[in-house]
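Visitor: Quick one: structure below, then a few questions.
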Amino acid sequence: MAGPRIAMLSVHTSPLDQPGSGDAGGMNVYLASLARALADAGARVDIFTRAVRPGAPAVEPLADGVRVRHVPAGPAGGVAKEDLPDHVPDFTAHLVEAGDPWGEPYDVVHSHYWLSGLAASVASPLWAAPMVHTMHTLAKVKNSALAPGDRPEPARRIRGEERVVRRAHALVASTDAEAVDLVRRYGADPSAVHVVEPGVDRAVFHPDVPAGAGAPTPADLAAAQRRARAELGLDPDEPIVLFAGRVQPLKGPDVLVRAVAALAADVAAGTAPLRRPPRLVVLGGPSGGAHRLADLAGLARALGLAGLVDLRRPVAPRELARWYRAADVVAMPSRSESFGLVAAEAQACGTPVVAADVGGLRAAVRDGVSGLLVPGHAAGTWARALGALLADRDRRARLGLGGVRLAGQRGWDAAAAAMLAVYRRARERAALVAA
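Okay, structure coming up:
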């Protein structure tokens, strides 16, 4: 019997976009990886996203059984994120009109992010397909942990999320903490909330040990790091802290710049556990305006770190895996995270993660097992955590090996199987509502 036909909706970002640039991030990786895994399990998946590239084909293949369908809505090209809600009605109208090119009805509409949920709430009853929704981020959670000077999420978004929660037949959370937020902050029916932890692509993100060598050893991780640094042209001995993601206040790259400044000052004073200050490599584009990168570079210059903060463009997944292996530590000082795919990817490569003790990072990173969780966002606290770990090679190796073992429990095949079970529950719930 043919597998289910799934319509995924992603209004504001496409799985074809480069993660780490603009509004593209972990959600793009999530969409593409989940869709591929669902197709491998026998499903057929269409991902509907707003058309932004003039002249792009209406339908583009992503993988066997997975297609990206570009829906006209508003002007071709980029639109400020705060203006996107104005184009959701247009997106929805074209979405419903497009229908299913297989000539068969969709079995499930799975929307991602609140804008897509608004469109799904219209398409779901018209297509007689249950609505499953993944928030990815929650406005009320973000507003409870704003970075200094950051703008709160608007009331319009909060109202939209509340509507999506009421309309969805099933809500998918990435962690238990997110599930609790959906129930407590948004009044979701607990029986409609399902936790499906994201996977990690272990064919791309791995510790790069010889085939058939078995479980990696500390020596294997050290050798992989030397190879990665040689391939990237990096100093084999310089301590390296890596930040991978969008450059925006929510992600906290400024915290790392200030922490590196504190470490550099301690090294100069002879009070640091390190003999040389670490280099901070930032792989990511600006989100919310090009000034974000300029602001970060300006902060580095003001703190006298022009030679220690290396701002680079986002890179493709296999290149990103090389950077993970080259780094001594991957740092994630986010103010909030629904999960933190960067943490999962880095750990799969055998690199320990130092992350903020917030939200989904508490699930993505096992404190003392695959990395460290840091309370708060004070630069001094982060400098001490990073400095202590950078100075302790044996501890980094233990945490790196713990991350590899943890990644062995996280596959997109398992996530797809769990999601298919959610789809079945959503169909059952929709049938009960209709009865």
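Quick note: the sequence shown uses the working numbering, first residue 175, plus one each step.
Glycine included, every Cβ here is placed at the ideal spot set by N, Cα and C.
Alpha carbon to alpha carbon, how far is residue 589 from residue 506? Give it in angstroms, no decimals.
Guide: What you label residue 506 is simply residue 332 of the sequence shown in a count that begins at 1. What you label residue 589 is simply residue 415 of the sequence shown in a count that begins at 1. Their backbone Cα atoms lie some 23 angstroms apart in a straight line.
Visitor: Report, in whole angstroms, the separation of the C-beta atoms of residue 221 and residue 245, which I expect to be a contact under 8 angstroms.
Guide: Taking the first residue of the sequence shown as 1, we reach residue 221 at position 47. Taking the first residue of the sequence shown as 1, we reach residue 245 at position 71. The pair is not a contact, with the Cβ atoms about 10 angstroms apart (cut-off 8 angstroms).
Visitor: Would DSSP call residue 413 helix, strand or coil?
Guide: Position 239 of the sequence shown, counted from the first residue, corresponds to residue 413. Residue state, collapsed to three classes: coil.
Visitor: For residue 238, is the classification buried or exposed, using 16 other Cβ atoms within 10 angstroms of its Cβ as the cut-off for buried?
Guide: Numbered from its first residue, the sequence shown carries residue 238 at position 64. Exposed.
Visitor: Leaving out the 5 sequence neighbours to the left and right, which residues in its chain are closer than 6 angstroms to residue 217 when beta-carbon positions are compared?
Guide: For the purposes of this step, residue 217 is taken as the residue at position 43 of the sequence shown. Same-chain partners within the cutoff: 177, 178 and 180.
Visitor: Using the Cβ count rule (16 or more neighbours within 10 Å means buried), how would you classify residue 313?
Guide: Taking the first residue of the sequence shown as position 1, residue 313 is located at position 139. Buried: at least 16 other Cβ atoms inside 10 Å.
Visitor: Which runs of the alpha helix (DSSP H) fall wholly inside the segment 452-512 and span at least 4 residues, in chain order?
Guide: Counting whole runs of 4 or more residues, the segment 452-512 contains the alpha helix (DSSP H) stretches 465-476 and 491-500.
Visitor: State the start and end residues of the unbroken alpha helix (DSSP H) segment that holds residue 265.
Guide: Here the question's residue 265 lines up with position 91 in the sequence shown. Note, residue 265: alpha helix (DSSP H), 262-272.
Visitor: Assuming residue 348 and residue 328 form a contact by the criterion Cβ under 8 angstroms, report the distance between their Cβ atoms to the nearest whole angstrom.
Guide: Translated into the one-based positions of the sequence shown, residue 348 becomes position 174. Translated into the one-based positions of the sequence shown, residue 328 becomes position 154. No, residue 348 and residue 328 are not in contact; Cβ-Cβ is about 23 angstroms, not under 8 angstroms.
Visitor: In whole angstroms, what is the alpha-carbon distance linking residue 316 and residue 249?
Guide: Looking up residue 316 in the sequence shown gives position 142. Looking up residue 249 in the sequence shown gives position 75. Rounded to whole angstroms, residue 316 to residue 249 spans 29 angstroms at the Cα level.
Visitor: Let me know the alpha helix (DSSP H) ranges lying completely inside the segment 306-331, each 4 residues or longer, listed in chain order.
Guide: You should have 313-317.
Visitor: Inspect the CB distances between the segment 406-415 and the segment 545-559 and report whether three or more fall short of 8 angstroms.
Guide: With the cut-off at 8 angstroms, the segment 406-415 and the segment 545-559 do not touch.
Visitor: Between residue 485 and residue 470, how many whole angstroms is the CB-CB distance? I'm expecting something under 8 angstroms.
Guide: As a first step, residue 485 is located in the sequence shown; it is residue number 311 there, counting from the start. As a first step, residue 470 is located in the sequence shown; it is residue number 296 there, counting from the start. Residue 485 to residue 470, Cβ: 7 angstroms. Contact.
Visitor: Mind checking residue 584: buried by the 16 CB within 10 Å criterion, or exposed?
Guide: Counting from 1 along the sequence shown, the entry for residue 584 is found at position 410. When all chains shown are included, residue 584 counts as buried.
Visitor: Can you name, in chain order, every residue of its own chain whose Cβ lies under 7 angstroms from the Cβ of residue 607, other than the five neighbours on each side?
Guide: As a first step, residue 607 is located in the sequence shown; it is residue number 433 there, counting from the start. Excluding sequence neighbours, residue 607 sits near nothing in its chain.
Visitor: With a CB to CB cut of under 8 angstroms and the five nearest residues on each side skipped, what residues in its chain are close to residue 278?
Guide: Counted from its first residue, the sequence shown places residue 278 at position 104. The residues are 179.
Visitor: At which residues does the alpha helix (DSSP H) containing residue 576 begin and terminate?
Guide: Residue mapping note: residue 576 aligns to position 402 of the sequence shown, counting from 1. First-last of the alpha helix (DSSP H) with residue 576: 567-581.
Visitor: Tell me the rounded alpha-carbon separation between residue 381 and residue 546.
Guide: Residue numbering aside, residue 381 sits at position 207 when the sequence shown is read from its first letter. Residue numbering aside, residue 546 sits at position 372 when the sequence shown is read from its first letter. Spanning the two alpha carbons is a distance of roughly 19 angstroms.
Visitor: Considering just the uninterrupted stretch of the alpha helix (DSSP H) at residue 291, what are its terminal residues?
Guide: Here residue 291 is taken as the residue at index 117 of the sequence shown, counted from 1. Residues 288-301.
Visitor: Give every residue of the same chain whose Cβ lies closer than 6 angstroms to the Cβ of residue 605, excluding the five residues on either side of it in the sequence, and list them in chain order.
Guide: If you number the sequence shown from 1, residue 605 lands on position 431. So the list is empty, once near-sequence residues are dropped.
Visitor: Among 253, 519 and 294, which residue has its Cα nearest to the Cα of residue 270?
Guide: Residue 270 sits at position 96 when you count from the first residue of the sequence shown. Residue 294 is the option with its Cα nearest to residue 270.
Visitor: Relative to the C-alpha of residue 514, which candidate in 453, 391 and 537 has its C-alpha closest?
Guide: As a first step, residue 514 must be located in the sequence shown, where it is residue number 340. Nearest option by C-alpha distance: 537.
Visitor: Does the distance from the C-beta atom of residue 520 to that of residue 577 stay below 9 angstroms?
Guide: Residue mapping note: residue 520 aligns to position 346 of the sequence shown, counting from 1. Residue mapping note: residue 577 aligns to position 403 of the sequence shown, counting from 1. For residue 520 and residue 577, yes; Cβs fall inside 9 angstroms.
Visitor: Give every residue of the same chain whose Cβ lies closer than 7 angstroms to the Cβ of residue 431, excluding the five residues on either side of it in the sequence, and list them in chain order.
Guide: In the sequence shown, residue 431 corresponds to position 257, counting from 1. Around residue 431: 454, 470, 473, 474, 477, 479 and 483.
Visitor: With distances taken between CB atoms, is the gap from residue 560 to residue 437 smaller than 9 angstroms?
Guide: Position 386 of the sequence shown, counted from the first residue, corresponds to residue 560. Position 263 of the sequence shown, counted from the first residue, corresponds to residue 437. Cβ atoms of residue 560 and residue 437: closer than 9 angstroms.
Visitor: Could you tell me how far apart the beta carbons of residue 451 and residue 434 are, in whole angstroms, since I believe they sit closer than 8 angstroms?
Guide: As a first step, residue 451 is located in the sequence shown; it is residue number 277 there, counting from the start. As a first step, residue 434 is located in the sequence shown; it is residue number 260 there, counting from the start. Going by Cβ atoms, the distance from residue 451 to residue 434 rounds to 7 angstroms, so yes, they are a contact pair.
Visitor: Let me know the alpha helix (DSSP H) ranges lying completely inside the segment 341-415, each 4 residues or longer, listed in chain order.
Guide: You should have 350-360 and 392-406.
Visitor: Assuming residue 427 is part of the alpha helix (DSSP H), what are its boundary residues?
Guide: Counted from its first residue, the sequence shown places residue 427 at position 253. Element bounds for residue 427: 427-443.
Visitor: Apart from the five residues just before and just after residue 571, which ones in its own chain have a Cβ nearer than 8 angstroms to its Cβ?
Guide: Counted from its first residue, the sequence shown places residue 571 at position 397. Excluding positions up to five away in sequence, the list reads 392, 395 and 396.
Visitor: Taking C-alpha atoms, which residue in 596, 579, 597 and 191 lies nearest to residue 389?
Guide: One-based indexing of the sequence shown puts residue 389 at position 215. Residue 389 has its Cα closest to that of 579, out of 596, 579, 597 and 191.
Visitor: Take the Cβ of residue 194 as the centre, count every other Cβ of all protein chains shown within 10 Å, and call the residue buried at 16 or more, exposed below.
Guide: As a first step, residue 194 is located in the sequence shown; it is residue number 20 there, counting from the start. With a pLDDT of 49 at residue 194, under the threshold of 50, the modelled position of this residue cannot be trusted; read the value that follows with caution. Residue 194 is buried by the Cβ-count criterion.
Visitor: Which of the three DSSP states, helix, strand or coil, is assigned to residue 637?
Guide: Because the chain in this structure spans residues 175 to 609, residue 637 falls outside the shown range and cannot be described.
Visitor: Please list the terminal residues of the continuous alpha helix (DSSP H) segment that includes residue 563.
Guide: On the sequence shown, residue 563 is found 389 positions in, with the first residue counted as 1. Unbroken alpha helix (DSSP H) run through residue 563: 553-564.
Visitor: Tell me, please, which residues DSSP counts as bridged to residue 219.
Guide: Counted from its first residue, the sequence shown places residue 219 at position 45. Paired residues: 180 and 240.
Visitor: Who are the Cβ neighbours of residue 262 in its own chain at under 7 angstroms, not counting the five residues just before and after it?
Guide: Counting from 1 along the sequence shown, the entry for residue 262 is found at position 88. Hits under 7 angstroms: 185, 289, 292 and 293.
Visitor: Counting C-beta neighbours from all protein chains within 10 Å, is the total for residue 524 16 or more, i.e. buried, or is it exposed?
Guide: As a first step, residue 524 must be located in the sequence shown, where it is residue number 350. With 16 or more other Cβ atoms within 10 Å, it is buried.
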